[in-house]
Structure formats: structure tokens, C-alpha cells
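Heads up: the structure comes next, in C-alpha cells.
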Amino acid sequence: MALSYKQRRKWALVILLVGLPIYIVLALVIVDRLYPDPLTPPPVLAQLAVYVGLGLAWALPFKFVFRGVGQAPPPDEDG
Numbered sequence: 001m002a003l004s005y006k007q008r009r010k011w012a013l014v015i016l017l018v019g020l021p022i023y024i025v026l027a028l029v030i031v032d033r034l035y036p037d038p039l040t041p042p043p044v045l046a047q048l049a050v051y052v053g054l055g056l057a058w059a060l061p062f063k064f065v066f067r068g069v070g071q072a073p074p075p076d077e078d079g
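79 is the number that my numbering gives the last residue of the sequence shown; the numbers go up by one with no jumps.
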């Protein structure tokens with residue numbers, strides 16, 4: 001199932017408006033669960049590992065949707 005350029009643009013917008021806030025909340029909740037004491041900040045490398053890992057887990061499945069969305073529409077499609 002290949003998405004047209006218009007469909008990919010619409011899905012990219014939905015993913016960014018819905019998926020990105022969910023990712024942010026999920027990342028903060030995971031770091032909070034790992035280090036619940038608010039007075040002791042978690043190690044920087046632990047935070048980096050969680051944020052990078054969740055960022056890749058969030059972005060890689062949707063890579064095909066975002067590919068080419070920021071470019072001009074192809075000439076064979078109405079954009």
C-alpha cells in the first residue's frame with residue numbers, strides 16, 4: 001500500500017500533532033519511574049539513553065511517511 005504525496009503530508013501532520021506529545025509525556029514518565037526522587041536528578045547518560053532510545057523507537061516506524069514531505073510535490077500528482 002503506497003501512500004500518495006497528499007496522504008503522506010496529512011499523515012505526517014497527524015503523527016506530529018498526536019504522536020509527538022505522546023512521546024514527550026512517555027519519555028518524562030519513564031525517566032520519572034526510573035528515578036522517582038525529585039531532589040536527586042538522574043544521571044545525564046541515563047537520561048540521554050532513554051530519550052534517544054524512545055526517539056528512535058518513535059521515529060523509525062514512521063520514516064516512510066516523512067520521506068519527501070518537505071519537498072515540492074511530484075509533477076505527476078496534484079498537490
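Even glycine gets a Cβ: it sits at the ideal position worked out from N, Cα and C.
Work out the CA separation of phenylalanine 64 and glutamine 86 for me, nearest whole Å. Residue 86 lies beyond the stretch modelled for the chain, which goes from 1 to 79, so this question has no answer here.
Please state the DSSP three-state secondary structure of lysine 9. By 1-based counting over the sequence shown, the position of residue 9 is 9. One point to set straight first is that residue 9 is arginine, not lysine, in the sequence displayed. Arginine 9 falls in the helix class under three-state DSSP.
I'd like to know if valine 25 contacts chain B, where contact means its C-beta is closer than 8 Å to some C-beta of that chain. Absent here is chain B; the protein component of the structure consists of one chain.
Mind checking which residues open and close the alpha helix (DSSP H) that includes proline 21? On the sequence shown, position 21 is the one that residue 21 refers to. Element bounds for proline 21: 20 to 34.
Tell me, to the nearest whole angstrom, how far the beta carbon of alanine 12 is from that of valine 50; I am working on the premise that it is less than 8 Å. Taking the first residue of the sequence shown as position 1, residue 12 is located at position 12. Taking the first residue of the sequence shown as position 1, residue 50 is located at position 50. Not a contact, Cβ separation roughly 25 Å.
By the three-class DSSP mapping on this structure, what secondary structure does leucine 3 have? Here the question's residue 3 lines up with position 3 in the sequence shown. Reduced to three states, the DSSP call for leucine 3 is coil.
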